[in-house]
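Colleague: This is the structure I have questions about; it appears just below.
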Amino acid sequence: MLMVGSNLIDFPVLSLHIGGEIARTTRAIIDPDNLKIIAYVVDGAIIHNDNEIGNILDMNDVREISDQGLIVNSADVFTKREDVIKFDEIMSLEFNLVGLKVVDQKGKKLGKVVDYTVDSGSFIIYQLIVQRPITSSFFDPQLTINRSQIVEIDDFKITIKHGDSKVKVKKKKEIAQEEFVPNFVNPFRKPGYAPSDEDSSSKISE
Numbered sequence: 004m005l006m007v008g009s010n011l012i013d014f015p016v017l018s019l020h021i022g023g024e025i026a027r028t029t030r031a032i033i034d035p036d037n038l039k040i041i042a043y044v045v046d047g048a049i050i051h052n053d054n055e056i057g058n059i060l061d062m063n064d065v066r067e068i069s070d071q072g073l074i075v076n077s078a079d080v081f082t083k084r085e086d087v088i089k090f091d092e093i094m095s096l097e098f099n100l101v102g103l104k105v106v107d108q109k110g111k112k113l114g115k116v117v118d119y120t121v122d123s124g125s126f127i128i129y130q131l132i133v134q135r136p137i138t139s140s141f142f143d144p145q146l147t148i149n150r151s152q153i154v155e156i157d158d159f160k161i162t163i164k165h166g167d168s169k170v171k172v173k174k175k176k177e178i179a180q181e182e183f184v185p186n187f188v189n190p191f192r193k194p195g196y197a198p199s200d201e202d203s204s205s206k207i208s209e
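Now the structure itself:
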């Protein structure tokens, strides 16, 4: 399913071990080479109270993503920036997708990135949500740009193919939020949730 990137900030991180929230996301760590969210910086009381716990959540350690939060086994999955070379290298770039200018190959300014959609299965950024300049925004205030249209990304701008058609962005609530089929029994399901046959077949064998 596609989710809006800004909806995943200040998003709960839930622990199977304690059966509740242990942190919240504060920032996405995005690899600019492939526009993929590789981790989130997280914060919470449990982190402040234990100096041994890091504040980076590797997306490989997320068991499920749902409308209730990112579900992990326990706080033991949190790591420190300096402990993972790739995280440290990417964070040192200080890359921030939101706020980058978007231009076409002829240099025409199309706007700036104000949000994005991300595939909850792969954490790959699928579309850029671009706010148009004031002079062009009366009839077409926002655009979505598919990742396939991107030609180049640098520290200041994103260049897309010239002449590609643009589509008005849907409202955040209109972006599909389909039910994700987990590969384990999820204790955070809302009361009254009845697992389907498909859910049951995907449980981890004891």
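Whatever position you read off the sequence shown (first residue = 1), add 3 for the numbering used here.
The C-beta atom is built at its ideal place from N, Cα and C for all residues, glycine as well.
1) Whose C-alpha, out of N37, I33, M6 and V7, is nearest the C-alpha of R150?
2) How close, in whole Å, do the beta carbons of I12 and L100 come, if the pair is a contact with beta carbons under 8 Å?
3) With DSSP run on the structure shown, which of helix, strand or coil describes K115?
4) Please return the same chain residues whose Cβ sits closer than 6 Å to the Cβ of L73, not counting the five positions on each side in sequence.
5) Which word fits D118, buried or exposed, when buried means at least 16 other C-beta atoms lie within 10 angstroms of its C-beta?
6) Using a Cβ-Cβ cut-off of 8 Å (strictly less than) and excluding sequence neighbours within five positions of R135, which residues of its own chain qualify?
7) Looking only at C-alpha atoms, which of G110, I68 and T29 sits nearest to D122?
8) Which residue marks the beginning of the alpha helix (DSSP H) containing K89, and which one marks its end?
9) From H165 to V75, what does the alpha carbon distance come to, in whole angstroms?
10) Give the DSSP bridge partners of S69, in chain order.
11) Let me know if S210 comes out buried or exposed under the rule of 16 or more other beta-carbons within 10 Å of its beta-carbon.
12) Does the count of Cβ pairs from the stretch 45 to 59 and the stretch 19 to 26 closer than 8 Å reach three?
13) Using beta-carbon positions only, say whether V116 and L131 come within less than 7 Å of one another.
14) Looking at the unbroken alpha helix (DSSP H) that takes in I50, where does it start and where does it end?
15) By Cβ distance, which residues of its chain are closer than 8 Å to T120, with the 5 residues on each side in sequence left out?
16) So for Q108, helix, strand or coil by DSSP?
17) What are the start and end residues of each continuous alpha helix (DSSP H) run of 4 or more residues lying completely inside the stretch 9 to 54, in chain order?
Modeller: If we stick to the structure as given:
1) On the sequence shown, position 147 is the one that residue 150 refers to. If we check each option's Cα against that of R150, N37 comes out closest.
2) Counting from 1 along the sequence shown, the entry for residue 12 is found at position 9. Counting from 1 along the sequence shown, the entry for residue 100 is found at position 97. With a Cβ gap of about 12 Å, I12 and L100 do not count as contacting.
3) For the purposes of this step, residue 115 is taken as residue 112 along the sequence shown, with counting starting at 1. Of the three classes helix, strand and coil, the one that applies to K115 here is strand, per DSSP.
4) Counting from 1 along the sequence shown, the entry for residue 73 is found at position 70. V16 and V65.
5) Mapped onto the sequence shown, residue 118 falls at position 115. By the 10 Å Cβ count, D118 comes out buried.
6) Against the sequence shown, residue 135 aligns to sequence position 132. Result list for R135: L113, G114, D143, P144, Q145 and L146, in chain order.
7) For this step, residue 122 is matched to residue 119 along the sequence shown. The shortest Cα separation from D122 among G110, I68 and T29 belongs to I68.
8) Stepping through the sequence shown from its first residue, residue 89 is reached at position 86. Residues I88 to S95.
9) For this step, residue 165 is matched to residue 162 along the sequence shown. For this step, residue 75 is matched to residue 72 along the sequence shown. Distance from the CA atom of H165 to the CA atom of V75, rounded to whole angstroms, is 42 Å.
10) Residue 69 sits at position 66 when you count from the first residue of the sequence shown. According to DSSP, which records beta bridges pairwise, S69 is partnered with G72.
11) Beyond the ends of the chain as shown, which are 4 and 209, falls residue 210; an answer cannot be given.
12) yes
13) Mapped onto the sequence shown, residue 116 falls at position 113. Mapped onto the sequence shown, residue 131 falls at position 128. Yes, the Cβ-Cβ distance between V116 and L131 is below 7 Å.
14) Looking up residue 50 in the sequence shown gives position 47. Where I50 is concerned, the enclosing alpha helix (DSSP H) stretches over A48 to H51.
15) As a first step, residue 120 is located in the sequence shown; it is residue number 117 there, counting from the start. The answer, listed in chain order, is L5, M6, V7, G8, I128, Y129, Q130, I132, T147 and I178.
16) On the sequence shown, residue 108 is found 105 positions in, with the first residue counted as 1. Residue state, collapsed to three classes: coil.
17) 48 to 51
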